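**Q**
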Amino acid sequence: MVWTDEKVKLLVQYWESGQSITQIGKQLGMTRNAVVGKAHRIGLAKRASPIMRSEKPAQPRPAATHGGGSSSGGGHTAAAPAPARAPVQVREDAATPVSHSQASQAQLTAAMLAALTPSTGPRCKWPIGDPKSSEFDFCTHVALPGKPYCASHCAAAYTNWNPESAVEAVKAINAA
DNA sequence: CCCTGATTCGC
DNA sequence: GCGAATCAGG
1 MVWTDEKVKL LVQYWESGQS ITQIGKQLGM TRNAVVGKAH RIGLAKRASP
51 IMRSEKPAQP RPAATHGGGS SSGGGHTAAA PAPARAPVQV REDAATPVSH
101 SQASQAQLTA AMLAALTPST GPRCKWPIGD PKSSEFDFCT HVALPGKPYC
151 ASHCAAAYTN WNPESAVEAV KAINAA
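In full-length UniProt numbering, the protein residues as written are 1 to 176.
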């Protein structure tokens, strides 16, 4: 499995939206082991584990599909207290502005994008709610040209999302 | 047996 | 880094 930037973004996004690793795996086309392994590796917040792994000196693994070899790692620190599972509803204003002026700027550029985006076309692929639930749906907004998400969800999905350059890109597409 | 998430360790 | 095998609780 190749963990592209987009895949990782999706993983984080789904993970933080409170979906089970099995669900995330299905949606990403990989096994839950891959998902949880990656999540663990890149340091995503742990969820409440159903189990309390008691002290196990060693685990004899028959290794049905694995060969010999050896490796060892250091010890591990005690686990942090996991908060109760609290599925986070995706907010429309997920950009979470950090200051008033930035908020205004973001709203302005978002409005510009909305005005420039055609009213028909592919819809934003941002998942809303739990895919297992009947309440589940995708964002109802139209996606930005060339992007899987609408403006506000691009801001949520791409950490360094630049609305101004997006405006320029959309203008260029519209002009063509 | 189904589900869940976490960890280990060969690759 | 990756993820199947495995653990372990509900």
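Note that CB positions come from ideal geometry on N, CA and C, so glycine has one too. If you're wondering where the values come from, they're calculated on a predicted model, not measured in any experiment.
1) So what's Thr77 in DSSP terms, helix, strand or just coil?
2) Evaluate contact between the region 153 to 169 and the region 32 to 51, counting only Cβ atoms and requiring at least three cross-stretch pairs below 8 Å.
3) In whole angstroms, what is the alpha-carbon distance linking Pro145 and Pro127?
4) Buried or exposed for Pro163, please, with buried defined as at least 16 other CB atoms from any protein chain shown within 10 angstroms of its CB.
5) Please classify Ile24 as buried or exposed, where buried requires at least 16 other C-beta atoms within 10 Å of its C-beta.
6) Measuring straight from C-alpha to C-alpha, what distance separates Cys124 and Thr31?
7) Expressed to the nearest angstrom, what Euclidean distance is found between the alpha-carbon atoms of Ser119 and His40?
8) Alpha carbon to alpha carbon, how far is Val8 from Lys171?
9) Taking the continuous alpha helix (DSSP H) assigned at Arg47, which residues delimit it?
10) Tell me the DSSP bridge mates of Asp137?
11) Taking the DSSP output, what are the residues bridged to Val142?
12) To the nearest angstrom, report how far apart Asp137 and Ala166 are at their CA atoms.
**A** Answer, in terms of the structure:
1) The predicted position of Thr77 is uncertain, since its pLDDT is 41 and thus under 50; a value taken from the coordinates is nonetheless stated next. Here Thr77 sits in coil by DSSP.
2) Taking 8 Å as the limit for Cβ pairs, the verdict is that the region 32 to 51 does not touch the region 153 to 169.
3) When rounded, the distance between both Cα atoms is 18 Å.
4) It counts as buried.
5) With 16 or more other Cβ atoms from the protein chains shown falling within 10 Å of its own Cβ, Ile24 counts as buried.
6) Those two C-alpha atoms are separated by around 25 Å.
7) Cα to Cα, the separation comes out at about 40 Å.
8) One C-alpha to the other measures close to 29 Å.
9) Looking at the DSSP string, Arg47 is not in any alpha helix (DSSP H), and its letter there is neither H nor E.
10) As computed with DSSP, Asp137 is found in a beta bridge with Ile128.
11) Val142 is bridged to Arg123.
12) Cα to Cα, the separation comes out at about 25 Å.
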